[in-house]
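Just so you know, the protein sequences line up as chains H and R, in that order.
If you read the first sequence in our numbering, its first letter stands for residue 37, the second for the next number, and so on.
If you read the second sequence in our numbering, its first letter stands for residue 12, the second for the next number, and so on.
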Amino acid sequence: MFEMDWQTLIDSRAVLLSGMRITLQITVVAILFGLAWGTVLAAFSLSSHYVLRVFTQAYVSLFRSIPLVMLLLWFFLIVPQFLKALFNLPSTVDLRLVSALTAYSLLEAAFFCEIIRAGIASLPRGQFQAGYALGMTPFQTLRYVIFPQAFRAMVPLALTQCIVIFQDTSLVYVIALGDFFRRVTAIGERDGTLVPMLIVAGVAYWSVTTLLITITNGVRTRLAK
Amino acid sequence: MDYRWHWGVLLQPVATGEPATYLGWLVSGVVNTVELTLLAFSLALVTGTLFGVMRTLPNRAAKAVSAAYVSIFRGVPLIVQFFIWFFVVPELLPAAIGDWLKSLPSHPQFLIASVVSLGVYTGSRICEQVRAGILARPVGQIHAAFALGLTRAQAYRYVLLPVTFRTIWGPLTSEFLIISKNSAVASTIGLLELSGQARQLVDYTAQPYESFICVTLVYMGLNFAILCCMRWIRRRTALPGLIGG
């Protein structure tokens, strides 16, 4: 079971690398979009408008109560139909990647919203009043007083969340999108080397995660100084 | 969008010829999800407590083993761990045990692998919380226990752990919620829990919205039930005088 011709691993490196590219693409898009939309949601939750606050609350609890696997299946059901109706696409266009990017971006926005809110909650209440007392509008107060401090407070949590996102992208397996893990299992099944290939995948993910943890720990100690 | 809603499809007998309705499939999915969640959470509590305690012992080997456990099981994505426990570990075990595992019917095979994957993975997260909880106890508590003549094991059992569990009850509740959602990953190795049944229902009925809506609502209900249950336990076990209960 463990006999493995390592040459096949070298031969399929192009496939594996393009899988890793998809993994990283989802990770980066989810982090960037999630941070942006999450910041807007966090601002909504501080708003004096009842509707905006309720919307944010409902959004965050909805996304957090559904398993990621179900969320991916939902988006793979809805997004392609929506896009095809909107742009009149032929039904052969593969929209797995777009569906996955949408699902992860919207989900991570809910998590980043919570993280930013925790960052804001750690600030003294007087910061808002201080901003208003200086004649700033609510938006300016957020932009120049609250968010810069909240972002600094949330960096450790946000970095941990980025590592979680990197690991969670492997779940696109359920919609058969060819990320790193899906490609690994496909090669393993093709060559009858699933067992060694799975060990390769485990070691690869562990190495990247450990590297990322080392980097974030470095950032954390630097910030704490 | 011209989708034809047809909720009645859930009450129809299944197309495979089994004596069941599609609703019956969903119910068996709920049973499997609840079973997996409870078993895996129990395993996670045991391994998490064990390794969390090891991390706080004055013994370098115990600390190193516990640190390695956390690093390995938090460093690999959950779905990869499911695949490794299901496909790789039976090959690594002694031939007799591996063959016995593979000779089991498919459902127990899936369930055993799923409980172990999910339990050991979540255990590595609980381990960190238990460790942090124990380290947050004032050092005077264990000294007081020693002064009363308790052994180290007794000090953990009767003094440190009972208070630690009460202080980390919040994070533990989150872990319970997370494990119920992570149980959906078990469908990737073939266990027909809720999300697995949802996909099977789509294949057989071609009515994706009905089955997805049902399954999503059940997950939300499950979340709510866990939350209520954990709050009830928290109230029943609250220590007088502690803010966190």
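Every residue, glycine too, gets a C-beta built ideally from N, C-alpha and C.
As the structure is a computational prediction, the values presented were derived from the model and not from experiment.
Hey, is residue i's beta-carbon within less than 9 angstroms of any beta-carbon in chain H?
i      : result
R/G256 : Residue placement at R/G256 is poorly supported in this model, since its pLDDT is 47, which falls under 50; the coordinates still yield a value, given next. No, R/G256 does not count as interfacial toward chain H.
R/N234 : yes
R/G130 : no
R/Q92  : yes
R/I137 : no
R/S39  : no
R/V87  : yes
R/Y220 : yes
R/I123 : no
R/M231 : yes
R/T184 : no
R/E102 : yes
R/S117 : no
What residues in its chain sit with their C-beta under 8 angstroms from that of residue i, if we drop five residues either side in the sequence?
i      : result
R/Q165 : A156
H/Q197 : E144, F147, F148, I151
H/L247 : none
H/G55  : G214, D215, F216, F217, R218, R219, V220
H/V13  : Residue 13 of chain H is absent from the model: chain H starts at 37 and stops at 261.
H/I67  : E144, C198, I201
R/A211 : Reading off the sequence, residue 211 of chain R comes out as Gln, not Ala. Once the five neighbours on either side are set aside, the close Cβ partners of R/Q211 are W36, L203.
Examine chain R for any beta-carbon lying closer than 9 angstroms to the beta-carbon of residue i, and answer yes or no.
i      : result
H/G238 : yes
H/Q61  : no
H/Q185 : no
H/W42  : no
H/P126 : no
H/Q93  : no
H/L119 : no
H/F123 : no
H/D227 : no
H/W73  : no
H/F164 : no
H/F217 : yes
H/M106 : yes
H/A50  : no
H/D204 : yes
H/I235 : yes
H/V231 : yes
H/V210 : yes
H/S101 : yes
Looking only at DSSP bridge pairs, what is residue i linked to?
i     : result
R/P24 : R/T32
Can you name, in chain order, every residue of its own chain whose Cβ lies under 6 angstroms from the Cβ of residue i, other than the five neighbours on each side?
i      : result
R/L202 : F121, S125
R/G151 : none
H/I114 : none
R/N234 : L188
H/I58  : D215
R/D110 : none
H/A194 : I151
H/S101 : none
H/F112 : S135, I211
H/T44  : D227
Please list, in chain order, all residues of the same chain as residue i whose beta carbon is under 7 angstroms from its beta carbon, the five residues on each side excluded.
i      : result
R/F97  : A124, I200
R/T67  : R142, I145, L146
R/L171 : I145, R148, Q152, I153
H/F91  : F80
H/L131 : V115, P116, L119
R/T175 : V141, G144, I145, R148
Contact between the stretch 100-110 of chain R and the stretch 214-225 of chain H is defined here as three or more beta-carbon pairs at a separation below 8 angstroms; is this criterion met?
no
My parser needs the alpha helix (DSSP H) runs of 4 or more residues fully inside the stretch 31-84 of chain R; what are they?
33-67
For the stretch 54-132 of chain H, which segments carrying the beta strand (DSSP E) assignment without a break, of at least 3 residues, lie completely within its bounds, in sequence order?
none
If we count Cβ pairs, one from each stretch, closer than 8 angstroms, do we get three or more for the stretch 71-88 of chain R versus the stretch 229-242 of chain H?
yes
Report the start-end ranges of each alpha helix (DSSP H) in the stretch 187-260 of chain H that is 4 residues or longer and not cut off at the edges.
216-227, 230-260
For the stretch 230-244 of chain R against the stretch 66-83 of chain R, do three or more pairs of beta-carbon atoms, one drawn from each stretch, fall closer than 8 angstroms, so that the two count as touching?
no
Three CB pairs or more closer than 8 angstroms across the stretch 40-51 of chain R and the stretch 202-211 of chain R:
These segments touch.
Could you tell me whether the stretch 198-206 of chain H touches the stretch 58-69 of chain H, where touching means 3 or more Cβ pairs closer than 8 angstroms?
yes
Does the pairing of the stretch 151-164 of chain H with the stretch 174-182 of chain H give three or more beta-carbon distances under 8 angstroms?
yes
Count Cβ pairs between the stretch 28-43 of chain R and the stretch 213-226 of chain R that sit closer than 8 angstroms; are there 3 or more?
The stretch 28-43 of chain R, when compared against the stretch 213-226 of chain R, does touch it at the 8 angstroms Cβ threshold.
Using 8 angstroms as the Cβ pair cut-off and three pairs as the minimum, do the stretch 133-140 of chain H and the stretch 225-232 of chain R touch?
no
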